[in-house]
Every structure is written in C-alpha cells, then in structure tokens.
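In our numbering, the protein residues as written are 65 to 232.
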C-alpha cells in the first residue's frame, strides 16, 4: 500500500488516486496529440503550398516584367531608328525646299531680266529711232567721236527741255 501511495500523483496540491506516472500517454491525450500533429502538418502543407504558389507567382511576374522590358527596349530602338529617318527626311525636305526656292528665284530673276531686257531693248531702239529722226548725222559712220559726243549732248539737252515721246 505504501508503494501505491508513493505512486500516487499530486496535481495542484490535490490527491489523484487514479494517476500513475508512466511514459505512455493516455488514449485521450494521444488522440489530442495526434490531432494537433495532423493540424500542424496540414497547416505546414498549406503554408508550403502557399509559399510555392507565391514563388511561382513571383517567377511569373519576373518573367512578365522581363518581357515587358524587352518589348519596351525593342520599341524604343524602333522609335529611335524611325526618328533618325524622320529627321533625315525632314532635313532632306528642308534642303529641297531651300533648293527649290533658290531655283525659283533664279528662274524668276532670269525671266524678269529677259522681260526687262526686252523692255530696255525696245526703249533703246525707240530712242535710237527718235535720235536718228532728229539728228540724221548721228548714224553717219564717218562722224568723229567728238561729233557723236556733241550730238549726244544736244540730245540730252533736248530731253531736259522737252519730254521725248517714246513708243513702247
């Protein structure tokens, strides 16, 4: 009996006659431990699956970001290439416009000179015709330069005093 008393287990100062210390858990305690182990195992598995899903999601995000970066780089290169060619085209267009303006100016100047030249030729021809009518000796080939100079001065003096009618 003494051995039984020694074997009695005291919990919180109360005598528990049914408790005998042993290395084996009781069936209800074993069921609770098993249930806790299963719960912990299922939580660990769920966390592992969540971690794996997060890792795969992160890998997918990284791959997507890499693809987007590559597309952006490609588009940027393409835009740079197109911009270079656009700048070249604009430069060529500007040079073409300048050359066209120069050519047009030269052509218009040439046309203006021809028109003006024709007007001057007509004016000179008319003036010579009037001079010949007024001074027939001006056309004399044998006239000396002094005589021609005198005739020219006379013509100029006559123009100053009376306007000369010039036919166009």
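The C-beta atom is built at its ideal place from N, Cα and C for all residues, glycine as well.
6 Å Cβ shell around residue i - same chain, five flanking residues per side excluded
| i | result |
| --- | --- |
| residue 112 | none |
Residues near residue i by beta carbon distance below 8 Å, same chain, minus five either side
| i | result |
| --- | --- |
| residue 157 | none |
Sequence-distant residues of the same chain with beta carbon closer than 7 Å to residue i, five excluded per side
| i | result |
| --- | --- |
| residue 102 | none |
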